[in-house]
């Protein structure tokens, strides 16, 4: 029988908690019932918390707003670290001028825009402006025509020697209890194998996500890696990445990894979380208020 | 300097010639000018010839017809071996009843139909008939909506433990002198990596293509592998596959592999053709008729 | 509960049976007790049978002898199809002269020798003879010093543009009930990724193994693919390869795939055997003689 | 014609310079003649410099000593960031007790030892102590018997669900002008594919290497990523990793990438350095002292 740890007892040992979003705080039906109590408890205890999420479809402000609409008002934009933010930092540092072509919604592109750079959807690239394209970014699986725009993307990348950025490493995401959807990371992997060039990927399990969050933590407090806990529902992103970065990790069973599979998967993959908990929800009884 | 072999001298040494289609007999502009003389010569010399092609978009009859329209009347349907034919053989032998769901045009599906099996495009699969789906086939990159039908395909394969067949291993194909198009083999590789199951692939360089052609040869003549020559423009399909099957191979420079790159590519990949020729076209001078 | 098929009833439906060796006829302790009764039954019924095995460590004669020593006298050398035989055919057809360098035992090299070709262990290749090396073959994980000879192999392949043949695709093989050993296929994959060239692999699940066996069958009888059954213990070699070639397949639970894992593995891999049986042993009761 | 940048002019624009070691500061013959002048210049200009190297065979102190022996006395241990240091940090943070089994020399293991953890070569693991093995580390390609210890490693990892750390991601390293040697990263990839579990890798191009160096920089000065330059000879480690972390990068042609190949490789891989320079050596003339 699987021995589960108590989530409240686990977080009591740490000063800072990193949360994955999907499968931990919310699922396809919305926020997990009761999850706001966990945040109220952390606030009361003076713990720091951050959302570390593979998502480039919206800005941190928009992501925060979606939590607020669901009733989780604790999450402010400055507590969110997304793969979209790493993409924006990359473009700010490394692409000085010209056009950034993108696959995704207009809204996803809006966030990565900065002074000097113009974003244009791949569908708007043609012989008149292709020479000014200095980077191409995979942002979101929506907002474009897959057949025509993916073929166009392949040919832009063949003709231009430019950095290609994948702003979300996930290959699929859950849509309903039984269905998944192909994510932009899966689409980008296909294009990469067709063109044979190496793309730049941002997202867990890559260390750069955790470092961005860790830098944010250290900008307003002193904290060592041993004082930070990563909470996630997926072994090969949240747990592998957190472990490798040197954090303790807790696998919750409210998302990608189900109770009946957890031991077999840990053994098969060789990825071992520090703790395993039912979910990140703390019950009213435990809180005592 | 690259030492080229004379194509006529090369084929003079063999009884049977296998030809790749795209990049050897035709390109995006149509048939190679003069290619019909090569076939006239082979006819005059009593040589056997076959087209061995990664193509599941049309039946052998339709493929032959397209050569006839271009003026190459030598190519009859019984001289064509396509990856679509292997797919049809697989379904005939291994799938006894139910629905074969497919991605491709209605025409591509027509050819693989057989008694007892019903083909349905992925777009027509829903909760009412998904339990009868006993195989899923990737036929062509056209004829379906990429975004909705690829997501649907992922979920059908997750729900049904059935064989998934990829009827063309190519990842891309040339569209114009400068542009390529993503092929159904590239799309299938993306879906395979998302669902994590193993698909069945038909097409060069796989030995089964060459065996199908070799069986066809032996059904009306005696011939050893050493009497057969494979002519192709692509090192890692035509040449690798031909070599591995035990055939002598000739790389022609009229398609995928350009004269200026050929030595570097052979060295980099470690795939060595028996001969290298400018093209499969025999000039009028050489023919002397 | 897993519904198992009766092995005797299954083979009763076919004219020809292909058997994998390890995990089906024998394991690390020797021949499966009672397996000779299965062969006696097939003889009595006039069924044809062949051993189809990923093994290049010995010749068919030596492989047959090892069955005879164990008491299974039915298996003659002409009923064995090994990946070593495909390697030999390749060298006979495609390498005309010079040296074939190899990794393996002296005995494994003995079998692939033929007129005109000299085999030499990698350890004997130096600046005086490297220019005559026209092929390199991975035969067996024994018979050489891994550290020095694998480094030497890497450098021979970097310097010579020659075919590199892997005579056994397996990555590991069982040694005892709890331990495995790295196979020559795993070693070759490492060397391939270090040098970045494409090797030629012989062994299941590749169609060429099954074709070699099928050609052997047809050389002394008439048989269609639907009359042949492949018996194996491994989903992604025996069953995947048999299915793809168009044969019906039976997975036995006496080797690589255990009863408690079989359903989960079939679902995870998407590889579906036609039948599942306890083992290839037919009990005395069933035989009635 | 390739337009090269002047190395001195390039580094004049940055406050901090990160150097790869092999191919940049030294090659198989020792230190690059004149490289000490580059360091004298940086000292004179008050620039910060660090060595960022995929090496777990020795401690920073031993690495520094080897530069001193060669006459490059500027490089102190606190200016070295190695993949071995990341490995040590991982073990300190994540493995509390028990045995760390390793592949490598005794010296390589000495450095990763810490209070509470005992290191033991894989050859010393047996049934009496395997239950105490809480991590396994690939350190160096020397110091062990490849055949017996790699097979033992496979079986330890199959039996124990523990983190497996690869302390150097390189697959090969140059030995002489014409020969390479398989590196521990190549060996680890083979073992990973045989056991099917996911290992933890430290080394360029992974962001964690650059972050470790960046944290070191910021511990004694204020510096933004745009003020740091990465100097390397390899596109898919130094340049890809530096670019992705947001640093400007310079490719030098004194190591892995040769002048005649550089444009073709950049185009093929799609990895674009900010600058390309002959080497990191500044000539006496330029220095003017």
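Residue numbers (the working numbering), protein chains in the order written: chain W, -10 to 278; chain H, -10 to 278; chain V, -10 to 278; chain E, -10 to 278.
Think of the CB as a built atom: it goes at the ideal place given N, C-alpha and C, for glycine as much as any other residue.
**Asked** Pairing CB atoms from the segment 33 to 45 of chain W with CB atoms from the segment 58 to 74 of chain W, are three or more of them under 8 Å?
**Response** yes
**Item:** Classification of residue 25 of chain E by the beta-carbon crowding that lies within 10 angstroms, buried from 16 upward
**Value:** In the fourth chain, the residue the question calls residue 25 of chain E occupies position 36. Answer is buried; the Cβ neighbour count reaches 16.
**Request:** State the DSSP-derived secondary structure class of residue 267 of chain W, mapped to helix, strand or coil.
**Result:** Position 278 of the first chain holds residue 267 of chain W. In this structure, residue 267 of chain W counts as coil in the three-state DSSP scheme.
**Prompt:** In chain W, which residues lie with their C-beta within 8 Å of the C-beta of residue 259 of chain E?
**Reply:** Along the fourth chain, read from residue 1 onward, the residue named residue 259 of chain E stands at position 270. Residues of chain W passing the Cβ test: 146, 150, 151, 152, 153, 184, 186, 187 and 188.
**Asked** Taking 7 Å as the CB-CB cut-off, is residue 82 of chain W touching chain E?
**Response** To locate residue 82 of chain W, count along the first chain from 1; it is residue 93. By this cut-off, residue 82 of chain W is an interface position.
**Message:** Would residue 168 of chain V pass as an interface residue toward chain E - the criterion being a Cβ-Cβ separation below 7 Å?
**Reply:** Position 179 of the third chain, counted from the start, is the residue given in the question as residue 168 of chain V. True, the Cβ-Cβ gap to chain E drops below 7 Å.
**Prompt:** Taking 7 Å as the CB-CB limit, is residue 282 of chain E close to chain W?
**Reply:** The question about residue 282 of chain E has no answer, for chain E in this structure spans -10 to 278.
**Chain-ordered chain W contacts of residue 79 of chain E [CB-CB under 8 Å]** = The count along the fourth chain starts at 1 and reaches residue 79 of chain E at position 90. Here the neighbours are 233 and 235.
**Message:** Helix, strand or coil, according to DSSP, for residue 79 of chain H in the structure here?
**Reply:** To locate residue 79 of chain H, count along the second chain from 1; it is residue 90. It is helical.
**Residues in the segment 120 to 135 of chain H having any Cβ partner in chain V nearer than 9 Å** = none
**Item:** Cβ shell of residue 61 of chain H (< 8 Å), same chain only, five flanking positions each side left out
**Value:** Walking along the second chain from the start, residue 61 of chain H turns up at place 72. Taken in chain order, the residues that qualify are 14, 20, 24, 25 and 28.
**Message:** Against chain H, with Cβ distances strictly below 7 Å, would residue 196 of chain V count as a contact?
**Reply:** Position 207 of the third chain holds residue 196 of chain V. Chain H, which has a Cβ nearer than 7 Å to the Cβ of residue 196 of chain V, makes this yes.
**Prompt:** What residues in the segment 198 to 218 of chain V have a beta carbon less than 7 Å from any beta carbon of chain H?
**Reply:** 200, 214 and 215
**Prompt:** Going by C-alpha distance, which of V/116, V/114 and V/86 is nearest residue 107 of chain V?
**Reply:** Residue mapping note: residue 107 of chain V aligns to position 118 of the third chain, counting from 1. Out of V/116, V/114 and V/86, V/86 has the C-alpha closest to the C-alpha of residue 107 of chain V.
**Prompt:** What is the DSSP secondary structure of residue 107 of chain E, reduced to helix, strand or coil?
**Reply:** Here the question's residue 107 of chain E lines up with position 118 in the fourth chain. The answer is strand: DSSP assigns residue 107 of chain E an E or B state.
**Asked** Comparing the C-beta of residue 43 of chain W with each C-beta of chain H, is any distance below 7 Å?
**Response** Position 54 of the first chain, counting from 1, holds the residue named residue 43 of chain W. With 7 Å as the cut-off, residue 43 of chain W does not count as an interface residue toward chain H.
**Request:** Could you name the residues of the same chain whose beta carbon sits closer than 8 Å to that of residue 65 of chain H, not counting the 5 residues immediately before and after it, in chain order?
**Result:** Taking the first residue of the second chain as 1, we reach residue 65 of chain H at position 76. Within the same chain, residue 65 of chain H has close Cβ partners 53.
**Local conformation of residue 129 of chain V per DSSP, three classes** = For the purposes of this step, residue 129 of chain V is identified with residue 140 of the third chain, where counting begins at 1. In the structure shown, residue 129 of chain V sits in coil (DSSP, three-state: anything other than H, G, I, E or B).
**Request:** Give a yes or no on whether 7 Å exceeds the smallest Cβ distance from residue 140 of chain H to chain W.
**Result:** One-based indexing of the second chain puts residue 140 of chain H at position 151. Chain W, which has a Cβ nearer than 7 Å to the Cβ of residue 140 of chain H, makes this yes.
**Request:** Might you give, ordered along the chain, the residues of its own chain that have their beta carbon closer than 7 Å to the beta carbon of residue 169 of chain V, omitting 5 neighbours on each side?
**Result:** Here the question's residue 169 of chain V lines up with position 180 in the third chain. Same-chain partners within the cutoff: 161, 162 and 163.
**Request:** Kindly list, in the order they appear in chain W, the residues whose Cβ is closer than 8 Å to that of residue 281 of chain E.
**Result:** The question about residue 281 of chain E has no answer, for chain E in this structure spans -10 to 278.
**Item:** Proximity test, Cβ basis, 7 Å: residue 171 of chain E and chain V
**Value:** If you number the fourth chain from 1, residue 171 of chain E lands on position 182. Closer than 7 Å to some Cβ of chain V, the Cβ of residue 171 of chain E qualifies, so yes.
**Message:** Using DSSP's beta-bridge definition, name the partner residues of residue 161 of chain W.
**Reply:** Locating residue 161 of chain W in the first chain gives position 172, where the first residue counts as 1. In the DSSP output, where bridge partners are listed per residue, residue 161 of chain W has W/171.
**Message:** Which of the three DSSP states is assigned to residue 259 of chain W in this structure?
**Reply:** Within the first chain, the letter at position 270 stands for residue 259 of chain W. Coil, per DSSP.
**Asked** Can you list, in chain order, the stretches of the beta strand (DSSP E) that have 3 or more residues and sit fully within the segment -5 to 48 of chain H?
**Response** 5 to 8 and 37 to 42
**Prompt:** So, are the CB atoms of residue 80 of chain H and residue 111 of chain H less than 7 Å apart?
**Reply:** The residue labelled residue 80 of chain H in the question sits at position 91 within the second chain. The residue labelled residue 111 of chain H in the question sits at position 122 within the second chain. Their beta carbons are not under 7 Å apart, which means residue 80 of chain H does not touch residue 111 of chain H by this criterion.
**chain E contact residues for residue 229 of chain W, given Cβ-Cβ distances below 8 Å** = Taking the first residue of the first chain as position 1, residue 229 of chain W is located at position 240. In chain order: 187 and 189.
**Request:** Would you please verify whether the beta carbon of residue 175 of chain V is less than 7 Å from any beta carbon of chain B?
**Result:** Reference to chain B is not applicable here, since the protein chains of this structure are W, H, V and E.
**Prompt:** Across which residues does DSSP place residue 62 of chain E in a beta bridge pair?
**Reply:** Residue 62 of chain E sits at position 73 when you count from the first residue of the fourth chain. Its beta-bridge partners do not exist; DSSP assigns none.
**Request:** Name the residue from E/255, E/259, E/195 and E/158 whose alpha carbon lies nearest to the alpha carbon of residue -9 of chain E.
**Result:** If you number the fourth chain from 1, residue -9 of chain E lands on position 2. For residue -9 of chain E, the nearest C-alpha among the options comes from E/255.
**Asked** Skipping 5 residues on each side, what residues in its chain have a beta carbon closer than 6 Å to that of residue 235 of chain W?
**Response** Position 246 of the first chain holds residue 235 of chain W. Excluding sequence neighbours, residue 235 of chain W sits near 214.
**Asked** Roughly how many angstroms separate the alpha carbons of residue 269 of chain V and residue 22 of chain V, rounded to a whole number?
**Response** As a position in the third chain, residue 269 of chain V is number 280, starting the count at 1. As a position in the third chain, residue 22 of chain V is number 33, starting the count at 1. Computed Cα separation, rounded: 11 Å.
**Asked** Does DSSP put residue 68 of chain W in a helix, a strand or coil?
**Response** Position 79 of the first chain, counted from the first residue, corresponds to residue 68 of chain W. Reduced to three states, the DSSP call for residue 68 of chain W is helix.
**Message:** Buried or exposed, going by whether 16 or more other CB atoms sit within 10 Å of the CB of residue 197 of chain V?
**Reply:** The count along the third chain starts at 1 and reaches residue 197 of chain V at position 208. Burial call: buried.
**Asked** So which residues on chain H does residue 157 of chain V lean against when the C-beta distance must stay under 7 Å?
**Response** Residue mapping note: residue 157 of chain V aligns to position 168 of the third chain, counting from 1. Under the 7 Å cutoff, chain H gives no residues; its nearest Cβ is about 15 Å from residue 157 of chain V.
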